[in-house]
């Protein structure tokens, strides 16, 4: 019997980084009160909502979600996106969470 290789199916994000009009509510919340919305998304992710208050931003949450849901990308990509445009990264993350049923 030949051993079989396990293949992990990966997917893309459910929406692009600049697809804010797909979810205007997230866009407005992230734009006008980013810290509050970040805490909200941490809470939805079953993470401690006070973590963003300690300076922990979108980066670790994006990595966790991407790996857990087999989304194409890398830590370098996540670092670049969350460093350059954290509001857009958070909105994209939230849209994907909604897509996954969270």
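Residue numbers (the UniProt record's numbering): 1 to 102.
Using N, Cα and C, we set each Cβ at its ideal position, and we do this for glycine too.
Residue i versus the options, residue with shortest Cα-Cα distance
i, options, result
"residue 62", "91, 53, 48", "91"
"residue 71", "58, 97, 85, 55", "97"
"residue 175", "51, 35, 68", "Only positions 1 to 102 of the chain appear in the structure, and residue 175 is not among them; the question remains open."
Helix, strand or coil at residue i according to DSSP, with G and I counted as helix
i, result
"residue 56", "coil"
"residue 71", "strand"
Cutoff 8 Å; reference residue i; Cβ partners in own chain excluding five residues on either side
i, result
"residue 102", "44, 45"
"residue 93", "41, 58, 61, 62, 65"
"residue 79", "59"
Own chain partners of residue i with C-beta closer than 7 Å, once the 5 adjacent residues on each side are dropped
i, result
"residue 37", "29, 30, 90"
- Message: Quick test of the definition: if touching needs 3 or more C-beta pairs under 8 Å, does the region 72 to 89 touch the region 41 to 51?
- Response: Touching, no, given that fewer than three Cβ pairs across the two stretches are closer than 8 Å.
- Message: If contact is defined by three or more beta carbon pairs under 8 Å, each pair taking one atom from either stretch, is the region 8 to 16 in contact with the region 24 to 42?
- Response: No: the two stretches stay apart, fewer than three of their Cβ pairs being nearer than 8 Å.
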